[in-house]
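Numbering of the sequence shown is given in our numbering, commencing with residue 483 and proceeding in unit increments. As structure tokens, the structure follows; a few thoughts come after it.
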Amino acid sequence: MAGLQRQAVRKKLLMNGLDQTLFLWLNLPQTAPHWAVKLAVFGGTSLLPLLVAATLAAALVGRQPWRAQAWRGLLAIVLASAATWLLKHGLNMPRPGALGLGVQWLQHSRIQGMPSSHAAVAAAWVGVALMLPGAKPWLRVLFLAVALYVGWCRVALGLHFPFQVLAGWVLGVVCAGVAQLGTAAWVRRSDQRLSGHE
483 MAGLQRQAVR KKLLMNGLDQ TLFLWLNLPQ TAPHWAVKLA VFGGTSLLPL LVAATLAAAL
543 VGRQPWRAQA WRGLLAIVLA SAATWLLKHG LNMPRPGALG LGVQWLQHSR IQGMPSSHAA
603 VAAAWVGVAL MLPGAKPWLR VLFLAVALYV GWCRVALGLH FPFQVLAGWV LGVVCAGVAQ
663 LGTAAWVRRS DQRLSGHE
């Protein structure tokens, strides 16, 4: 039993060491060019609200199938936001700044950092957007780039460790799947009920 505990401690130390090493490599240093900081600030703070606003507009006034997929995207975003809030309050995994690591380019709340809410919301949005019928391959690549960009920005700004971002991405993809499959099942049941009444 003690051997298993020692092995678990070694794995945790290795993962923490790898996480910190990746963080320090991706985190923008004090000497970073002004444009790089601005690029990271935009992707780490402003891009998601713009995507949510565009998704809401598509849900309200867009044409099918964009409208239905936009509603699924909004559901996935709500699920990802709720799940990250619960996990952050349940897990005790600090942000890099709380440990005195790296450069924090933005002030942030004292809420724990695991998982990254921004990464989860970006992955939830992208996960649903990738399932948009008729989307061109280049558009799907652009969607994936959005999630990667948001995740990089959160680490570059010193707000999250890479594994916190990775956990956010995984959670976001799960929320996208739940939104996609859950709404598909609901639509099927609704269609069956309607056809049964005709």
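Built from N, CA and C at the ideal position, the CB exists for glycine as well.
Query	Result
So, is residue 524 buried or exposed, given that buried needs 16 or more other C-beta atoms within 10 angstroms?	exposed
Would you kindly check if the distance between the Cβ of residue 610 and the Cβ of residue 509 is under 8 Å?	no
Can you tell me where the alpha helix (DSSP H) with residue 548 in it begins and where it stops?	548–572
Can you find the residues in the same chain that come closer than 8 Å, C-beta to C-beta, to residue 579, ignoring five residues on each side of it along the sequence?	586, 590, 640 and 641
Roughly how many angstroms lie between the CA atoms of residue 581 and residue 514, to the nearest whole one?	21 Å
If you scan the region 614–656 from start to end, which runs of the alpha helix (DSSP H) of 4 or more residues do you find wholly inside it?	619–638
Less than 6 Å between C-beta atoms, sequence neighbours within five positions excluded: which residues of the same chain meet that for residue 547?	615
If you drop the 5 nearest sequence neighbours on each side, which residues of the same chain put their C-beta closer than 8 Å to that of residue 567?	599
Where does residue 585 fall in DSSP's three states?	coil
Using the beta-carbon count (16 or more within 10 Å), is residue 592 buried or exposed?	exposed
Just reading off the alpha helix (DSSP H) that residue 458 is part of, what are its end residues?	Nothing in the structure corresponds to residue 458, since the chain is present only between 483 and 680.
Residue 600 lies in the alpha helix (DSSP H); which residues open and close that run?	599–611
What would DSSP say about residue 509, mapped onto helix, strand or coil?	coil
Near residue 638, what residues of its chain come up, given a Cβ to Cβ distance below 7 Å and the 5 sequence neighbours on each side ignored?	508, 509, 510 and 522
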